[in-house]
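Reviewing the structure listed below.
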Amino acid sequence: MKLIRTIDAEGAVLCHDISQIIKGVTKDAVFRKGHIVTKEDIPVLLSVGKDQLYVWEQEEGILHENDAAEVLCGMCLGEHMARSQVKEGKIEITAKQDGLLKVHDKGLKAVNGFGEMMIASRHGDFAVKKGDKLAGTRIIPLVIREDKMESARRKAMEASGGRPFLELKPFVHKKVGIVTTGNEVFYGRIQDTFTPVIQQKLAEFDTEVIDHVTWNDDDKKVTATILNMIEKGADVVVCTGGMSVDPDDKTPLAIKNTGARIVSYGAPMLPGAMFLLAYYEVQEEGHERTVAVMGLPGCVMYAKRTIFDLVLPRVMADDEVFAEELAALGQGGLCLNCETCTFPNCGFGKGR
Numbered sequence: 003m004k005l006i007r008t009i010d011a012e013g014a015v016l017c018h019d020i021s022q023i024i025k026g027v028t029k030d031a032v033f034r035k036g037h038i039v040t041k042e043d044i045p046v047l048l049s050v051g052k053d054q055l056y057v058w059e060q061e062e063g064i065l066h067e068n069d070a071a072e073v074l075c076g077m078c079l080g081e082h083m084a085r086s087q088v089k090e091g092k093i094e095i096t097a098k099q100d101g102l103l104k105v106h107d108k109g110l111k112a113v114n115g116f117g118e119m120m121i122a123s124r125h126g127d128f129a130v131k132k133g134d135k136l137a138g139t140r141i142i143p144l145v146i147r148e149d150k151m152e153s154a155r156r157k158a159m160e161a162s163g164g165r166p167f168l169e170l171k172p173f174v175h176k177k178v179g180i181v182t183t184g185n186e187v188f189y190g191r192i193q194d195t196f197t198p199v200i201q202q203k204l205a206e207f208d209t210e211v212i213d214h215v216t217w218n219d220d221d222k223k224v225t226a227t228i229l230n231m232i233e234k235g236a237d238v239v240v241c242t243g244g245m246s247v248d249p250d251d252k253t254p255l256a257i258k259n260t261g262a263r264i265v266s267y268g269a270p271m272l273p274g275a276m277f278l279l280a281y282y283e284v285q286e287e288g289h290e291r292t293v294a295v296m297g298l299p300g301c302v303m304y305a306k307r308t309i310f311d312l313v314l315p316r317v318m319a320d321d322e323v324f325a326e327e328l329a330a331l332g333q334g335g336l337c338l339n340c341e342t343c344t345f346p347n348c349g350f351g352k353g354r
């Protein structure tokens with residue numbers, strides 16, 4: 003830090019805030035710490051009584067907060083993202099399109115463990131909209147050692163496998179088949195109120211329902227229907243009802259008998275404990291197509307948010323869900339059934 007004449011300050015970097023006080027009008031910083039003085043700024047600085055200024059003195063091996071913030075931004079910024087201009091050591095990252103946000107937790111922790119720097123993101127594995135804020139970076143002091151930034155960058159890249167910490171997976175158009183099960187619906191004893199809920203949730207994404215079939219509690223019919231929908235080109239098959247352990251609830255058996263790979267039958271989520279997720283691999287003209295098959299428990303029909311709301315965005319972004327990821331949702335897996343639902347701006351589904 004050195005003291006210079008204000009009239010000679012063009013291009014210099016301020017080491018502290020410069021306040022302006024006008025009675026009844028303003029009492030705030032007219033220039034912030036880290037601001038780079040322009041020719042037009044000099045008359046303003048003189049008008050607030052600053053004939054001299056403390057400015058940053060360039061030293062070899064030392065980075066200004068704005069230059070260091072660019073390093074942090076480079077660690078985070080993935081495809082389909084936009085960034086703000088750097089200001090006071092801060093850069094914000096936003097979504098350029100709708101999609102699923104993925105956050106590399108180990109890389110993020112590696113950076114934040116170094117001190118004097120930080121990256122804060124929203125939770126990963128949730129849907130975001132175009133323009134949503136995804137993360138913010140900040141250098142804490144005005145200047146920071148260049149070798150420290152390089153060490154942080156190197157350690158973080160090792161943790162993330164060289165990939166940016168943030169990934170935005172665009173949602174993909176999906177063809178969907180719906181299988182409604184249950185003697186009570188099939189024989190017209192009650193109205194099907196489950197399917198409209200599924201259709202409403204699917205409508206939040208780029209989907210088309212190509213088939214909808216209702217069956218009684220006959221697992222063989224359900225198995226054949228799932229396979230038929232896949233043959234017709236379904237990318238996702240959703241089965242409603244028959245998901246408990248009662249002897250006449252045969253939907254899990256029907257899904258298993260398709261030959262699909264069962265990821266999990268059951269999840270540590272309330273509502274949603276009896277959820278089933280499976281993947282069916284289809285060989286087509288030299289390439290493999292993966293179909294997500296889900297068995298939905300009755301709670302999806304009446305609860306505001308369930309496990310289905312957590313898995314569906316990932317399915318729509320072709321982001322494979324693993325059993326250990328479902329198991330990790332236990333912490334945060336209890337919905338509090340708030341009178342006014344604020345999901346996803348709450349703790350539900352934010353385990354780990």
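With my numbering applied, the sequence shown covers 3 to 354.
Ideal placement from N, C-alpha and C gives every residue a C-beta, glycine not left out.
A quick note: this is a predicted structure, and the numbers were derived from the prediction, not measured.
Please list the terminal residues of the continuous alpha helix (DSSP H) segment that includes residue i.
| i | result |
| --- | --- |
| I257 | 253-258 |
| L74 | 67-78 |
| Q201 | 196-204 |
| I6 | It is not in any alpha helix (DSSP H) - I6 instead sits in the beta strand (DSSP E) that spans 4-7. |
| V302 | 301-304 |
| I44 | 43-49 |
What are the boundary residues of the beta strand (DSSP E) that residue i is part of?
| i | result |
| --- | --- |
| C241 | 238-242 |
| D221 | Careful: D221 lies outside any beta strand (DSSP E), inside the alpha helix (DSSP H) at 221-233. |
| I309 | Where I309 is concerned, there is no enclosing beta strand (DSSP E), although the alpha helix (DSSP H) it sits in stretches over 309-318. |
| P172 | 168-172 |
| E279 | What sits at residue 279 in the sequence shown is Leu, not Glu. Start and end: 278-286. |
| K35 | Careful: K35 lies outside any beta strand (DSSP E) and carries neither H nor E. |
| Y56 | 54-57 |
| V265 | 263-267 |
| L298 | 289-298 |
| R191 | Per DSSP, R191 belongs to no beta strand (DSSP E) and is neither H nor E. |
| V145 | 145-147 |
Can you look up residue i in the DSSP assignment and give me helix, strand or coil?
| i | result |
| --- | --- |
| T209 | strand |
| G164 | coil |
| M245 | coil |
| G332 | helix |
| E186 | helix |
| A275 | coil |
| D134 | coil |
| A325 | helix |
| E14 | The amino acid at residue 14 is misidentified as Glu; the sequence shows Ala. A14: coil per DSSP, three-state reduction. |
| K352 | coil |
| D19 | coil |
| E81 | coil |
| E152 | helix |
So residue i and residue j are supposed to be a Cβ contact under 8 Å. How far apart are they, rounded?
| i | j | result |
| --- | --- | --- |
| C337 | P273 | 6 Å |
| T260 | T225 | 5 Å |
| A269 | G101 | Incorrect: roughly 23 Å between the Cβ atoms, too far for contact. |
| L168 | L79 | 7 Å |
| G109 | A161 | 4 Å |
| M83 | A71 | Wrong, their Cβ atoms sit about 16 Å apart, outside the cutoff. |
| A11 | S21 | That pair is no contact at about 17 Å. |
| T183 | G138 | Incorrect: roughly 47 Å between the Cβ atoms, too far for contact. |
| L2 | K35 | There is no way to answer for residue 2, as the model of the chain reaches only from 3 to 354. |
| M303 | F196 | 4 Å |
| R370 | M77 | Look at the range of the chain in this structure, 3 to 354, and you will see that residue 370 is not part of it. |
Determine whether the Cβ of residue i lies closer than 9 Å to any Cβ atom of chain D.
| i | result |
| --- | --- |
| E233 | As a matter of chain content, chain D is missing from the structure shown, which is built from one protein chain. |
Original post:
Would you say the region 45-55 touches the region 131-138, given that touching needs at least three Cβ pairs under 8 Å?
Top reply: In short, these stretches do not touch, since the Cβ pair count stays below three.
**OP:** Determine, using beta-carbon pairs with one atom in the region 54-68 and one in the region 138-152, whether at least three such pairs fall under 8 Å.
**Re:** yes
Subject >> Any alpha helix (DSSP H) of 4 or more consecutive residues that is wholly inside the region 97-131 >> reply: 107-114
Original post:
How do the region 329-336 and the region 111-118 stand: do at least 3 beta-carbon pairs fall below 8 Å, yes or no?
Top reply: no
Original post:
If you pair each beta-carbon of the region 293-312 with each one of the region 252-269, do three or more pairs fall below 8 Å?
Top reply: yes
**OP:** Could you tell me whether the region 198-215 touches the region 226-240, where touching means 3 or more Cβ pairs closer than 8 Å?
**Re:** The region 198-215 is in contact with the region 226-240.
Original post:
Contact between the region 50-60 and the region 91-105: three or more CB pairs below 8 Å?
Top reply: no
Original post:
Is the region 199-209 touching the region 309-328 in the sense that three or more CB pairs, one from each, lie closer than 8 Å?
Top reply: yes
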